[in-house]
Structure formats: C-alpha cells, structure tokens
Amino acid sequence: MPNQKYSEINLANKIYIFDTTLRDGEQTPGVALTVDEKIQIAQKLNNLGVDKIEVGFPASSPGEIKAAKEINALNLDSTLVGLSRSLNKDIDAVLDSDLSYIHTFIGTSPLHRDYKLKKSKEEIIESAVSSVEYAKDHGLTVEFSAEDSTRTEREFLLEIFSEVESAGADFLDVPDTVGVLTPVHTRELISDIKNNFKTPVSVHFHNDFGLATANTLTAMECGADQAHVTVNGLGERTGNCSLEELVVTLKVAYGVDLGLDTTRLYSLSHLVGRLTGIKMPVNKPIVGDNAFAHESGIHVHGILNNAFTYEPMSPEMVGHSRKIVLGKHTGANSLKSKLKEYHIDLNQEQFNNVFAQIKSLGDSGRCVTDDDLISIAITELASARETPIIIKGMNISMGANVSPTATVKLEIDGDEKETASTGVGPIDAALNAVRTLVQDTIDLELEEYNLEAINGGTDALAEVFVITSDSHGNKSTGRSTNQDVVLASILAVIDSMNKLLLINRNQ
Ligand code: KIV
Ligand code: ZN
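According to my numbering, the sequence shown is numbered sequentially starting from 24.
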C-alpha cells in the first residue's frame, strides 16, 4: 500500500489474534463487566473471527469463573483462554472454569523478582516450570508469559523460556508489561527469541508511550506468531495494542488478510465503548467518529471525485461511514453535495447566502450540524417563496372554571380556514386549533416546546422555540418572538410547519 518495497519482513505463515479485552481490557481502571456483558462481547469477538479470547482471570473471583463457564457453554469457534499466576490454585480455577487453554505468567525482571515476588531466579524458574507441568498434566494447552520480559536480563529470559519449552509450553509470550519497547528494540528482541525457539512466539505489548501497535507490527515483521490485542486498545493504564489498528494495518498496509470480518469492527468498538463506559476520542484510528470525516473544501472536493484521495481505505471495510462536516473550512463542493443529499435546490443567490451563513457560523466557533444546514437552507427558500401557511387572526376566550377556547384563522395555500378548540390552557387551546386546521395538509408532531422571557416585567417579550416533525420523518425548528405568549407559540409552530412543507414539496 505505501509506495515502497519492504525489506526485512518475515511474517509468520499463520498469525494468531489473541484478544484480551475481557481480561487485560477489563483491568482498565474503572472498568468492570458483568457476566452478561462479557458474553455479549465474546459473541461479537467470535463473529469477528479472532483465534483466541482471554475470558478472564478465574482465580480472581467467582464471577470470573461463572463468566468463563457461560461463555464456554456457547461453543464458540474462538479458543477460550483463562489467565493464571504460576500457582496450582490458579490453574485449578482455570480447570474449574471448564477451559482447555491456560495463559500462565510469572514476573521475571529484577524489579518483579526482588520487590514483588521476593524470589531468586532459580525459584522463579522452578515455579514457572512446575506450573507448566501441572497444567500440561491436566490436559491444558499452555501459553507461558514471562511478565516484564522487556526489562528482564536477556540471558535469564532465554533461560526461562528454554525451561518452560522443555516442560511442554505451547506458546512463549513476551509481555512488554510497562510499554517500554520501541520498534528498533522490538526488532532485536523478537528476532533473538525467534532464532532461539521452535515454540510459537506471542507478544503482549502495552501502550505507555503510544507505541503498542507499532511495536506489535514490528514483532510480526520478525516472525512473531501471535499478537495479544484488545478492542479499542483498552487495558492496564494506557492500554494494549488495539485489535482494530493491528488487524486493519496488516490488511491494508501489509496486504495480510487474517480472515477476520473487519466490517464488524466499528460496531464491536461501539459495544465495548458502551459497556465499559470508555468512549473513543473522535480521532481514534479506524473507529473514531472522525476516522472518515472531512470538512476542508480541498479534501471534500477530492473525496467526491475519488474517496481514496483522502482516505487510506473505505469506511465500509470496517463497518464505518463517511461524513462530510460543514464548518469554517467548508468549500462550495461540500455544500452542494450536502444540499443534494437532502434534495434541496437553491439558485445561485440562495446558495451564496447559505454558504455565507455556514462560514459565519463556523467562524463564530460553532459546529454546523445537518439540521442547522436544513434550517438555514429552508429559511432561505421560504424567504423567496410564498409561505404556505399564514396566520390571519386569533382570539382567546377564558372564564372562571371553563377551559379556555381559542379561535384561530389561517390561510393555507391560499384558502382561509377558521376553527375553535379548547385546551388545558390558552396555548394548548390555540395549538389544538392550529392542528385541526392543518390536519389535511401536514401530519404534525410537536417534539419540543421551549418558552423564554427575553426581559423582565409583565410586558416581557416571549421567545418560543419549537421542534416539529412530520410523518415522513422530517424535522424542523421554528422560532418566534412576541409580547403575546400565545401568538408567539402559534407563530413558532407555523414557522416550523412552513419549513416542513417546503422540505416535503422539494423532495
Ligand atoms: O502486561 C502483562 O504483563 C500482563 C501479564 C499478565 C501477561 O498482562
Ligand atoms: Zn498486560
């Protein structure tokens, strides 16, 4: 995809995707998933097609065992994995969860040996080996992680991997526990490990310096067989390598299709964002709201001719969609395409006026939504045409203990009509009368009604803002200011009805 030849790329024939959203992802500060939420995510990961799903850390709580069992009962295609320390009681919890694949770890760096485990190198090797043997004896597939591998003396790291390989480990995992690797260090480390072992090598890279995806890709280039990833890059502190970034980069930039259904990535990301409460920033690669959003005139012009001018892949490939955003950088082409999308036809002068208003809203720091555009364009159209509905008169009568009655006269498409209605108050009565008069013209729904007094006193100006919709799903806003609050209300509704009618008649 980049216009250059790769050198020193030695990808494994089969790259396994090991998703740990439900384990390391759940260790994101503030995140806790219920059994039901874990099930929902596991199902989606399975449908995406990941090879392995680390469902949790069974020894840590009965809920973890329950979740693992319930996910297991779904008979998913993905292999399910349970985490354990190098302790028999943890391995038993994985067995109690009915899982057949264990990810067992022990800290190997001097910091972990001296300050956390308080064990010598020999004791660490002994624990690692005996737990791998115990797990193998119980029929489990075993992945062994040397926690904090990247701050472990190289000689000791190779030694412990060699010992657990001899004890039967099926995968050797290299965690960059505090994310200190850089791509150049990754290349050296993973090449060294690959040169020394036949057992498949896995990597588990954290993102403390924002390099987790780059480092994981580098490890893949050096022949690593498996990548640990999480949806949205969740995980301890700043997270792990992001599933969507790794899979899509491999597919688009390296031309390696892992066989995952990437069109499911966007909805998976949203599900995980909703269930964990960790929403992605708009500029998050692949799944952020702005991943396929364009505002600048130059870019939108290019996109409209050929989307690849300013996009590295199609949004559909990851289940996302393209968005043209209006604002201070909007060009005429963007505006034209938006107006076309909403079937709004403007002449050149109207177009120029709308364009100027969009720019001035943008300059005042506002983001211009599609609803803003429709309202501006329709108002522009309305000002050039006769308005279909005009108020011709209104009278309110009220008495003690009787509901108020409003008599309203409207001109609708040139015909005058009058009716009287009652209501719980004068505004309600007047709006009921308007509804009756327009019922053959528009199927009106009042969605929102806001009343504000502009200044104090009994002669205050009332400002009414309404949002209405019609049966075609069109929405419109209306606004009016008057000293008579009932009249202001009716005028605001009529204003928005006229816009809705213009939208309908333009479609
Ligand atoms: O980051 C880490 O070291 C881990 C281990 C449990 C493998 O998550
Ligand atoms: Zn981790």
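No residue lacks a Cβ here, since even glycine has one placed at the ideal position from N, Cα and C.
Quick one: what does DSSP say residue i is sitting in, helix, strand or coil?
{"i": "residue 301", "result": "coil"}
{"i": "residue 371", "result": "helix"}
{"i": "residue 421", "result": "strand"}
{"i": "residue 438", "result": "strand"}
{"i": "residue 105", "result": "strand"}
{"i": "residue 220", "result": "coil"}
{"i": "residue 383", "result": "helix"}
{"i": "residue 84", "result": "coil"}
{"i": "residue 335", "result": "coil"}
{"i": "residue 396", "result": "helix"}
{"i": "residue 463", "result": "coil"}
{"i": "residue 208", "result": "helix"}
{"i": "residue 48", "result": "helix"}
{"i": "residue 93", "result": "helix"}
{"i": "residue 362", "result": "helix"}
{"i": "residue 121", "result": "coil"}
{"i": "residue 31", "result": "coil"}
{"i": "residue 239", "result": "helix"}
{"i": "residue 98", "result": "coil"}
{"i": "residue 54", "result": "coil"}
{"i": "residue 68", "result": "helix"}
Quick check: what's the CA-CA separation for residue i versus residue j?
{"i": "residue 104", "j": "residue 339", "result": "31 angstroms"}
{"i": "residue 309", "j": "residue 270", "result": "10 angstroms"}
{"i": "residue 393", "j": "residue 400", "result": "10 angstroms"}
{"i": "residue 495", "j": "residue 467", "result": "10 angstroms"}
{"i": "residue 304", "j": "residue 312", "result": "8 angstroms"}
{"i": "residue 235", "j": "residue 127", "result": "21 angstroms"}
{"i": "residue 240", "j": "residue 273", "result": "8 angstroms"}
{"i": "residue 296", "j": "residue 56", "result": "12 angstroms"}
{"i": "residue 118", "j": "residue 88", "result": "10 angstroms"}
{"i": "residue 192", "j": "residue 50", "result": "25 angstroms"}
{"i": "residue 178", "j": "residue 122", "result": "33 angstroms"}
{"i": "residue 216", "j": "residue 181", "result": "7 angstroms"}
{"i": "residue 451", "j": "residue 510", "result": "12 angstroms"}
{"i": "residue 420", "j": "residue 367", "result": "42 angstroms"}
{"i": "residue 461", "j": "residue 388", "result": "38 angstroms"}
{"i": "residue 214", "j": "residue 364", "result": "53 angstroms"}
{"i": "residue 75", "j": "residue 102", "result": "5 angstroms"}
{"i": "residue 40", "j": "residue 376", "result": "53 angstroms"}
{"i": "residue 153", "j": "residue 189", "result": "11 angstroms"}
{"i": "residue 551", "j": "residue 99", "result": "The requested residue 551 does not occur in the structure, where the chain is confined to residues 24 to 530."}
{"i": "residue 163", "j": "residue 263", "result": "26 angstroms"}
{"i": "residue 293", "j": "residue 160", "result": "41 angstroms"}
{"i": "residue 237", "j": "residue 519", "result": "52 angstroms"}
{"i": "residue 516", "j": "residue 96", "result": "56 angstroms"}
{"i": "residue 249", "j": "residue 227", "result": "9 angstroms"}
{"i": "residue 93", "j": "residue 197", "result": "29 angstroms"}
{"i": "residue 341", "j": "residue 125", "result": "31 angstroms"}
So who's on the other strand from residue i, going by DSSP bridges?
{"i": "residue 42", "result": "76 and 252"}
{"i": "residue 472", "result": "489"}
{"i": "residue 228", "result": "199"}
{"i": "residue 433", "result": "414 and 440"}
{"i": "residue 502", "result": "488"}
{"i": "residue 347", "result": "317"}
{"i": "residue 391", "result": "349"}
{"i": "residue 428", "result": "420 and 445"}
Enumerate in chain order the residues of its own chain whose CB-to-CB distance from residue i is below 8 angstroms, with the five nearest sequence positions on each side excluded.
{"i": "residue 398", "result": "499, 500 and 522"}
{"i": "residue 326", "result": "317, 332, 333, 334, 345 and 347"}
{"i": "residue 531", "result": "The question about residue 531 has no answer here: the residues shown for the chain are numbered 24 through 530."}
{"i": "residue 34", "result": "243, 244, 246, 277 and 279"}
{"i": "residue 302", "result": "296"}
Once the 5 residues before and after residue i are set aside, which same chain residues still bring their CB inside 6 angstroms of it?
{"i": "residue 471", "result": "490"}
{"i": "residue 244", "result": "32"}
{"i": "residue 434", "result": "413 and 415"}
{"i": "residue 194", "result": "166, 223 and 225"}
{"i": "residue 299", "result": "54"}
{"i": "residue 358", "result": "378"}
{"i": "residue 384", "result": "391"}
{"i": "residue 473", "result": "488"}
{"i": "residue 48", "result": "253, 257 and 258"}
{"i": "residue 65", "result": "76 and 94"}
Enumerate in chain order the residues of its own chain whose CB-to-CB distance from residue i is below 7 angstroms, with the five nearest sequence positions on each side excluded.
{"i": "residue 132", "result": "171, 174 and 175"}
{"i": "residue 306", "result": "313"}
{"i": "residue 135", "result": "170 and 171"}
{"i": "residue 350", "result": "318, 385, 390 and 391"}
{"i": "residue 503", "result": "487, 511, 514, 515 and 518"}
{"i": "residue 458", "result": "467"}
Which runs of the beta strand (DSSP E) at least 3 residues long sit entirely within the segment 124-204? Give them in chain order. 124-130, 164-170 and 194-199
Complete runs of the alpha helix (DSSP H) confined to the segment 256-324 [at least 4 residues]: 266-275 and 288-299
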